[in-house]
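**Student:** Residues in the sequence shown are numbered from 1 upward in steps of one, following the UniProt record's numbering. Glycine included, every Cβ here is placed at the ideal spot set by N, Cα and C. A quick note: this is a predicted structure, and the numbers were derived from the prediction, not measured.
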Amino acid sequence: MTELKRIISVLSNQGVFGGLQVSTGNPVEYYPAKDTAPVRVTKLELHAFSAPEGDEYKIIEKESDAAFSIVNLSFSEDGKWKLNDGQNIVWASIEDQEFLEAVDKNEISFAKGDILLCRVLVQQWQTDQGLKSETKILKVLEHRSAARQISLPF
C-alpha cells in the first residue's frame, strides 16, 4: 500500500492509527519525499484524494446446462445456494421464480443427495484484484430426489 493510500485509509476512520490521531477536523500530514513540504489532508478533503475504481472487463458470459448436488441452500430472497458440480463448490443465485415459489409453498422438499438439473449463466470479469465470477441458475429444469430405500415385504 502506498503511503498516500495509507493516509487516505487512516482518514476514512476516526481514532488512533499508527501514532496519528484522526478526527473530523484535524489534518494529517504526509511527506511525499524527503526534504519536501508536507501535504496536509483533512477528512473533508478526502474525496479529492480517492483513486477512481478500476474498470471491470467482462471476459466470459456463457449459458449452459449443468447438474448440481445441493450442499447448502438459502431460503432468504437474496441468498445464494452452495452447490457442487462434482468437481467444484459453486455459490449461485437462483433466478427461477417458478422454482422459488414452489419451494416457498412447500411443493418441493429437499434431501441429502438431491440433484438439480439447471440452465446456468456463468459470468466472469477481470478486475484490478483479479478474476471475479458469478453463477446464476436461470431455470431449474428438473429436481431429482435422492434414491430412497424401499421397504421389502418380508
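What is the C-beta distance between Asp65 and Arg144, in whole angstroms, given that I count them as a contact (C-beta under 8 Å)?
**Tutor:** Sequence index remark: in the sequence shown, residue 65 carries index 65 (1-based). Sequence index remark: in the sequence shown, residue 144 carries index 144 (1-based). Contact doesn't hold; Cβ gap of about 14 Å is too wide.
**Student:** State the DSSP-derived secondary structure class of Ala102, mapped to helix, strand or coil.
**Tutor:** Position 102 of the sequence shown, counted from the start, is the residue given in the question as residue 102. If DSSP states are grouped into helix, strand and coil, Ala102 belongs with the helices.
**Student:** Please name the residue, chosen from Pro153, Phe154, Glu63 and Lys82, that lies closest to Ile115 on a Cα-to-Cα basis.
**Tutor:** Position 115 of the sequence shown, counted from the first residue, corresponds to residue 115. Ranking the options by Cα distance to Ile115, first place goes to Lys82.
**Student:** When burial is assigned at 16 or more other CB atoms within 10 Å of the CB, is Gly113 buried or exposed?
**Tutor:** Here the question's residue 113 lines up with position 113 in the sequence shown. Label assigned to Gly113: exposed.
**Student:** Quick test of your reading: Ser93 and Lys80, contact by CB under 8 Å. State the CB separation rounded to the nearest angstrom.
**Tutor:** Within the sequence shown, residue 93 is the residue found at index 93, counting from 1. Within the sequence shown, residue 80 is the residue found at index 80, counting from 1. That belief holds up - the Cβ atoms of Ser93 and Lys80 are roughly 5 Å apart, short of 8 Å.
**Student:** Any idea which residues DSSP pairs Val122 with across the strands?
**Tutor:** Counting from 1 along the sequence shown, the entry for residue 122 is found at position 122. Answer by DSSP bridge pairing, in chain order: Lys62 and Thr135.
**Student:** Might you give, ordered along the chain, the residues of its own chain that have their beta carbon closer than 6 Å to the beta carbon of Val122, omitting 5 neighbours on each side?
**Tutor:** What you label residue 122 is simply residue 122 of the sequence shown in a count that begins at 1. For Val122, where only same-chain residues beyond five positions count, the Cβ hits under 6 Å are Lys62 and Thr135.
**Student:** Can you give me the C-alpha to C-alpha distance between Lys34 and Gln129, rounded to a whole angstrom?
**Tutor:** In the sequence shown, counting from the first residue as 1, residue 34 sits at position 34. In the sequence shown, counting from the first residue as 1, residue 129 sits at position 129. Distance between the alpha carbons of Lys34 and Gln129: 31 Å.
**Student:** Excluding sequence positions up to five away, which residues of its chain have a Cβ less than 6 Å from the Cβ of Gln126?
**Tutor:** Here the question's residue 126 lines up with position 126 in the sequence shown. Closer than 6 Å at the Cβ level, and outside the excluded window around Gln126, lie Tyr57 and Ile59.
**Student:** Do Lys139 and Asp96 come within 7 Å of each other at the CB atom, strictly closer than that value?
**Tutor:** Locating residue 96 in the sequence shown gives position 96, where the first residue counts as 1. Locating residue 139 in the sequence shown gives position 139, where the first residue counts as 1. Closer than 7 Å, so yes.
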